[in-house]
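Note sheet for the following structure.
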Amino acid sequence: MNRRSALRTLVVVTAGVTLLPSCVQRPRKAAVAYKHLKLNGEEEDMLAAMAAIIIPTTSTPGAKETGAHRFALTMIDDCCSAQEQAQFYDGLQKFEALVKQKEGSPFLKCTPARQQQWVATLNTGKNLPDNVNAFFHLLKRYTIEGFTGSQYFLTKVKVYELVPGRFHGCIAVSKVSPAIDN
Amino acid sequence: MSNSKQDNTFDAIVIGAGMSGGWAAKELCEKGYKTLLLERGRNVQHLKDYPTTNMYPWEFSHHGQVPADIQEANPSISRCYAYREDAMHFFVKDTEHPYVQDKPFDWIRGYQVGGKSIMWARQTQRWSDYDFEGPQRDGFAVDWPIRYKDLAPWYSYVEKFVGISGNKDGIPNLPDGEFLPAWELTCVEDYFKGVVAKNYENRHVIYARCAHLSQPGEIHKQQGRNQCQGRNLCQRGCPFGGYFNSNSTTIPWAQKTGNLTLRPFSVVHSIIYDEHKGKAGGVRVIDASTKAVSEYYAPVIFLNAGALNTNLVLLNSTSSRFPNGLGNDNGLLGKYVAFHNYRARISAVYDGFKDFTTDGRRPTSAYVPRFRNVFKQETDFLRGYAASFFSGRFHAQDTSGIGEELKQQLAGAALSPWYVSSQMMGETIPKESNMVSLHADKKDEWGIPLLRINIGYDDNDEKMVQDFFEQFKDMYTKAGFTNIETFDSKQAPGLDIHEMGGVRMGHDPKTSLLNKWNQLHACKNVFITDGACMTSTSTQNPSLTYMALTARAVDYAVSEMKKGTL
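Residue numbers (our numbering), protein chains in the order written: chain A, -13 to 168; chain B, 3 to 568.
Now the structure itself:
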């Protein structure tokens, strides 16, 4: 925890933001107890907001309604190697710093349009500090996995059949529903 | 249960409740013998103990993936294709049951009633005389003491009970059996079959026979099993009993006779040799949880602990008559272990049949029986390989966008071209140096020595991998497949889960451990019919052969018991 706070302070200082004493407080705790990831509540919220931009709520559910952002963090915490987790965390920190440097405020305080723009920039993968790309692509990959593996997606978009009860080895494409996940 | 000698005496003891042990128990019980079936792991009852069987993908917290800390702590089991979140509870973790790898060997185990029959790949191809005669013709191992005609009726016997889906293909080196209907081949599999038939002599692409009830018969209904629904979630245990495992079929069948005593959590320490009677008297068992030692007695013992564990039990069964392990007069126990070489894969795409696809799922694929060195030696390596042939199309997932664009991409239904792939299933040559032994000092928590495994590939295996690549590239090219890619996983032996031998069958007690009835030459009331008995490996998935050998050996044991000679 101490090392983490120190690291955060360092990042904030290098980002050139003036630290008022009143700002030096313990960051809000994350809602989820992670095994390996060191995230605070603000970071969790930022990742949720980013996931909701990657897969937005439209007339149909997005990352938020399907819990894809929570799934992404579970996967990064449980299923990624220590090296991937370190890259993820480092990239996350650098991204937060970059946003503060350019916007003068953290990601969550940016306007929706600016947030959108930032995620679009990350998606291009161009001219980003070390590990920011790795950070974003882990987040994106697992958000997609969470979404496409969700109950919503597998019952409404591409239907997963637990008991298909049939196999056709050679059937016209036109006769197969595109909504079935074969 | 009281521990008096009388209470602990049975007509027969079977060690291990997996694929072959289940069969031994069924056959013995059906013939009226009070049988004790010992299993080192927990009980797994059909339907009741398949906790994940009806779970949807989203109900698994990692959508199927095994968490990284478990993988890191258990590297061998984590390399197994079926070790996934939905079935990991049926596999042994490396950390739970350690062993010593003199060379890398991924030992894949399932310690429970049903053993690995719960998670097996369900492929069931018969052997032919081109397999049984291999060692004699090609001058390796020792001659098999049996031929196809000895096993053919038992293959039929087992197939009828198990339920095998297949086609009669009329191929001399892959004999036909008792088949339920086959699922369809895909357009591309059918097409490839035609290309291969046109361009090559003695090469075939067929439907891979599998232990699934495509159309249950009366006997399967009596077992309480139903038609396979093509879920392809077999490794979880099947709520329909659509595929064969010991839990749904042989063990309940044995229980129905009233002659079975199933004792889970029973770690077999050793087989007790009775010096006065000059044969095995019983089995020493350590309770897996309490570590209490007890002994069970019977005039006949079937040892079906799984190939390498069967070796371990025999090596640990020492007496003044057998100081080097039960039946081990010639010092060959634990030696001449072999396996299947599954390292090589080839894949490609096919641009044809664009207007066609598949619909639903099926539990098998196509199969290319061995074509190398079948009728005569034709290459600079011995023996050959069979291969799977799979084809299918996928929904190509474009994930380049973000926002609404990405959502549309994910919902998109663009089908990929047909993807094809084959995996090599190569025969390996048993060698004295490929062996298992007991570790001199290290013991497990039950005080049983750890198994040392010293098994590796040889030059013959390397040449075979190259030949597989060349021949399949040629076949794929002739079929007009493109983007052909070959891949040598270099995986360690063991991951094929087809380890065999160490207690091989043969004519001569000087060069083999078991006779043609799977009896230890030197201790005739001990029968071994699991993978340990295999003199050579050929290329077929071996479980069907173990089951047939088991039914045949029980039949013989019963006739000998009736004659009073055992």
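Ideal Cβ positions, reconstructed from N, Cα and C, are used throughout, including at glycine.
Exercise for review: State yes or no: is the beta carbon of phenylalanine 93 of chain B nearer than 8 Å to at least one beta carbon in chain A?
Suggested key: Numbered from 1 along the second sequence, position 91 holds the residue referred to as residue 93 of chain B. Judged by the 8 Å Cβ criterion, phenylalanine 93 of chain B is not in contact with chain A.
Check your understanding: Which stretch, first to last residue, makes up the beta strand (DSSP E) that contains lysine 445 of chain B?
Key -> Here the question's residue 445 of chain B lines up with position 443 in the second sequence. It spans 437 to 445 - the beta strand (DSSP E) in which lysine 445 of chain B sits, taken as one unbroken run.
Review point. To which residues does DSSP link isoleucine 15 of chain B through a beta bridge?
Key: As a working note, residue 15 of chain B is residue 13 in the second sequence. According to DSSP, isoleucine 15 of chain B bridges with B:Leu38 and B:Ile303.
Point to revise | Residue range of the beta strand (DSSP E) that includes tyrosine 20 of chain A | key: Here residue 20 of chain A is taken as the residue at index 34 of the first sequence, counted from 1. No beta strand (DSSP E) holds tyrosine 20 of chain A; DSSP gives it neither H nor E.
Check your understanding: The beta strand (DSSP E) spanning valine 118 of chain A covers which residue range?
Key -> Here residue 118 of chain A refers to the residue found at position 132 when the first sequence is read from its first residue. Not the beta strand (DSSP E): valine 118 of chain A falls in the alpha helix (DSSP H), residues 118 to 134.
Exercise for review: Identify whether histidine 342 of chain B lies in helix, strand or coil by the three-state DSSP scheme.
Suggested key: Along the second sequence, read from residue 1 onward, the residue named residue 342 of chain B stands at position 340. Here histidine 342 of chain B sits in strand by DSSP.
Practice item. Put serine 393 of chain B into one of helix, strand or coil per three-state DSSP. Key: By one-based count along the second sequence, residue 393 of chain B stands at place 391. DSSP places serine 393 of chain B in strand when its eight states are reduced to three.
Review point. Shortest alpha-carbon distance to threonine 251 of chain B belongs to which of B:His48, B:Glu472 and B:Ser158?
Key: Counting from 1 along the second sequence, the entry for residue 251 of chain B is found at position 249. If we check each option's Cα against that of threonine 251 of chain B, B:His48 comes out closest.
Review point. Name the chain A residues whose beta carbon is nearer than 9 Å to that of histidine 64 of chain B?
Key: In the second sequence, the residue the question calls residue 64 of chain B occupies position 62. Under the 9 Å cutoff, chain A gives Phe57, Thr60, Met61, Asp64 and Cys65.
Exercise for review: Assess, as a yes-or-no matter, whether the segment 525 to 535 of chain B is touched by the segment 143 to 161 of chain B under the definition of 3 or more beta carbon pairs within less than 8 Å.
Suggested key: no
Point to revise | Counted within 10 angstroms of its Cβ, other Cβ atoms place glutamate 472 of chain B as buried (16 or more) or exposed | key: Here residue 472 of chain B refers to the residue found at position 470 when the second sequence is read from its first residue. It counts as exposed.
Point to revise | Beta carbon proximity, leucine 417 of chain B to chain A, threshold 8 Å | key: What you label residue 417 of chain B is simply residue 415 of the second sequence in a count that begins at 1. Taking Cβ atoms only, chain A reaches closer than 8 Å to leucine 417 of chain B, which makes this a yes.
Check your understanding: Which same chain residues, not among the five before or five after glutamate 29 of chain B, have their C-beta less than 6 Å away from its C-beta?
Key -> Indexing the second sequence from 1 puts residue 29 of chain B at position 27. So the list reads Ala553 and Val556, once near-sequence residues are dropped.
**Study point:** Endpoints, the alpha helix (DSSP H) within which methionine 549 of chain B is located
**Key:** By one-based count along the second sequence, residue 549 of chain B stands at place 547. Here the alpha helix (DSSP H) through methionine 549 of chain B covers 545 to 565.
Review point. Cα separation between alanine 106 of chain A and serine 163 of chain A?
Key: Within the first sequence, residue 106 of chain A is the residue found at index 120, counting from 1. Within the first sequence, residue 163 of chain A is the residue found at index 177, counting from 1. Approximately 33 Å, taken between the alpha carbons.
Practice item. Select from the segment 243 to 257 of chain B all residues with a C-beta closer than 8 Å to any C-beta belonging to chain A, and list them in chain order. Key: none
Practice item. Answer with yes or no whether the minimum CB distance from threonine 107 of chain A to chain B is below 8 Å. Key: As a position in the first sequence, residue 107 of chain A is number 121, starting the count at 1. Threonine 107 of chain A does not count as touching chain B.
Review point. What's the C-alpha gap between glutamine 237 of chain B and aspartate 88 of chain B?
Key: The sequence position of residue 237 of chain B within the second sequence is 235, counting from 1. The sequence position of residue 88 of chain B within the second sequence is 86, counting from 1. So the alpha carbons of these two residues sit roughly 8 Å apart.
**Study point:** Beta-carbon contacts of alanine 38 of chain A that lie in its chain and below 8 Å, excluding the five residues immediately before and after
**Key:** Translated into positions along the first sequence, residue 38 of chain A becomes position 52. Contacts found: Gly48, Ala49, Lys50 and His55.
Review point. Expressed to the nearest angstrom, what Euclidean distance is found between the alpha-carbon atoms of serine 291 of chain B and histidine 271 of chain B?
Key: For the purposes of this step, residue 291 of chain B is taken as residue 289 along the second sequence, with counting starting at 1. For the purposes of this step, residue 271 of chain B is taken as residue 269 along the second sequence, with counting starting at 1. Their Cα atoms are separated by approximately 14 Å.
**Study point:** Helix, strand or coil at valine 102 of chain B [DSSP, three-state]
**Key:** Numbered from 1 along the second sequence, position 100 holds the residue referred to as residue 102 of chain B. Reduced to three states, the DSSP call for valine 102 of chain B is strand.
Practice item. Flag this pair as yes or no: are the beta carbons of leucine 572 of chain B and glycine 504 of chain B separated by less than 8 Å? Key: Absent from the structure is residue 572 of chain B, since the part of chain B shown begins at 3 and ends at 568.
Exercise for review: Measuring alpha carbon to alpha carbon, tell me which of A:Ala99, A:Lys112, A:Ser45 and A:Pro13 ends up nearest alanine 35 of chain A.
Suggested key: Position 49 of the first sequence holds residue 35 of chain A. The shortest C-alpha separation from alanine 35 of chain A is found at A:Ala99.
Practice item. Note down, in chain order, every chain B residue with its Cβ under 7 Å from the Cβ of valine 143 of chain A. Key: Within the first sequence, numbered from 1, the residue matching residue 143 of chain A stands at position 157. Residues of chain B passing the Cβ test: Ala413.
Exercise for review: Flag cysteine 189 of chain B as yes if its beta-carbon sits less than 8 Å from any beta-carbon of chain A, otherwise no.
Suggested key: The count along the second sequence starts at 1 and reaches residue 189 of chain B at position 187. Yes, because at least one Cβ of chain A sits closer than 8 Å to the Cβ of cysteine 189 of chain B.
Practice item. Could you tell me whether the Cβ of alanine 70 of chain B comes closer than 8 Å to any Cβ of chain A? Key: Sequence index remark: in the second sequence, residue 70 of chain B carries index 68 (1-based). At least one chain A Cβ lies under 8 Å of alanine 70 of chain B.
Practice item. Starting from phenylalanine 358 of chain B, find everything on chain A with Cβ-Cβ shorter than 8 Å and list it in chain order. Key: Taking the first residue of the second sequence as 1, we reach residue 358 of chain B at position 356. Neighbours of phenylalanine 358 of chain B on chain A, chain order: Cys156, Ile157, Ala158 and Val159.
**Study point:** Cβ-Cβ distance between leucine 176 of chain B and arginine 128 of chain B below 8 Å
**Key:** Taking the second sequence and counting its residues from 1, one reaches residue 176 of chain B at position 174. Taking the second sequence and counting its residues from 1, one reaches residue 128 of chain B at position 126. The answer is yes: Cβ separation under 8 Å.
Point to revise | Where lysine 173 of chain A falls: helix, strand or coil (DSSP) | key: Nothing in the structure corresponds to residue 173 of chain A, since chain A is present only between -13 and 168.
Check your understanding: Are three or more beta carbon pairs between the segment 88 to 105 of chain B and the segment 455 to 468 of chain B nearer than 8 Å?
Key -> yes
Practice item. Pick out whichever of B:Lys162, B:Gln231, B:Pro544 and B:Gln73 has its Cα sitting closest to the Cα of proline 150 of chain A. Key: By 1-based counting over the first sequence, the position of residue 150 of chain A is 164. That would be B:Gln231, whose Cα lies nearest to the Cα of proline 150 of chain A.
Exercise for review: Pick out whichever of B:Asp461, B:Cys525, B:Gln229 and B:Ala346 has its Cα sitting closest to the Cα of glutamine 217 of chain B.
Suggested key: Numbered from its first residue, the second sequence carries residue 217 of chain B at position 215. Selected option, being the one with the closest Cα: B:Gln229.
**Study point:** Helix, strand or coil at alanine 72 of chain A according to DSSP, with G and I counted as helix
**Key:** Looking up residue 72 of chain A in the first sequence gives position 86. Reduced to three states, the DSSP call for alanine 72 of chain A is helix.
Review point. Between the beta-carbon of histidine 397 of chain B and the beta-carbon of leucine 417 of chain B, is there less than 8 Å?
Key: Position 395 of the second sequence, counting from 1, holds the residue named residue 397 of chain B. Position 415 of the second sequence, counting from 1, holds the residue named residue 417 of chain B. Going by C-beta atoms, histidine 397 of chain B is nearer than 8 Å to leucine 417 of chain B.
Practice item. Report the option in B:Arg42, B:Lys445, B:Ala282 and B:Trp25 whose CA atom is closest to the CA atom of arginine 265 of chain B. Key: Here residue 265 of chain B corresponds to residue number 263 of the second sequence, with the count starting at 1. The option with the nearest alpha carbon to arginine 265 of chain B is B:Arg42.
Review point. Using a beta-carbon distance below 8 Å, is glutamine 231 of chain B in contact with chain A?
Key: Counted from its first residue, the second sequence places residue 231 of chain B at position 229. Interface residue, yes.
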